[in-house]
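Residue numbers for the sequence shown follow full-length UniProt numbering, beginning at 1 and rising by one.
Yeah, the Cβ is synthetic: ideal placement off N, Cα and C, and Gly gets one too.
Here the structure comes first, spelled out in structure tokens, and everything after it is commentary.
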Amino acid sequence: MLKTARILKRMSQKTLGERLGISQSYVSRLENEEKYNENITVDLIRRLSIELDLDPIDLFLYFYR
Numbered sequence: 001m002l003k004t005a006r007i008l009k010r011m012s013q014k015t016l017g018e019r020l021g022i023s024q025s026y027v028s029r030l031e032n033e034e035k036y037n038e039n040i041t042v043d044l045i046r047r048l049s050i051e052l053d054l055d056p057i058d059l060f061l062y063f064y065r
């Protein structure tokens, strides 16, 4: 979901990370649904939804299913 949305926006992981104030490696972990996502904040979900034009509720469910 995240990777597809990012690619459709023609954005690299590095660019998305810079816009969100997180590292490229953390963007990669988010895209790969690694266990590190347990600590994702509502604010980061909100900012991701804005940058990638995704529904914040869909993103919340993506991380907390």
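Residue i: first and last residue of the uninterrupted alpha helix (DSSP H) it sits in
{"i": "residue 20", "result": "13-20"}
{"i": "residue 33", "result": "Looking at the DSSP string, residue 33 is not in any alpha helix (DSSP H), and its letter there is neither H nor E."}
{"i": "residue 3", "result": "2-8"}
Residue i, DSSP secondary structure in three states
{"i": "residue 62", "result": "helix"}
{"i": "residue 48", "result": "helix"}
{"i": "residue 40", "result": "coil"}
{"i": "residue 23", "result": "coil"}
Residue i vs residue j beta-carbon contact at 8 Å
{"i": "residue 2", "j": "residue 61", "result": "no"}
{"i": "residue 56", "j": "residue 46", "result": "yes"}
{"i": "residue 68", "j": "residue 20", "result": "In this structure the chain extends from 1 to 65, so residue 68 is not present and cannot be described."}
{"i": "residue 9", "j": "residue 24", "result": "no"}
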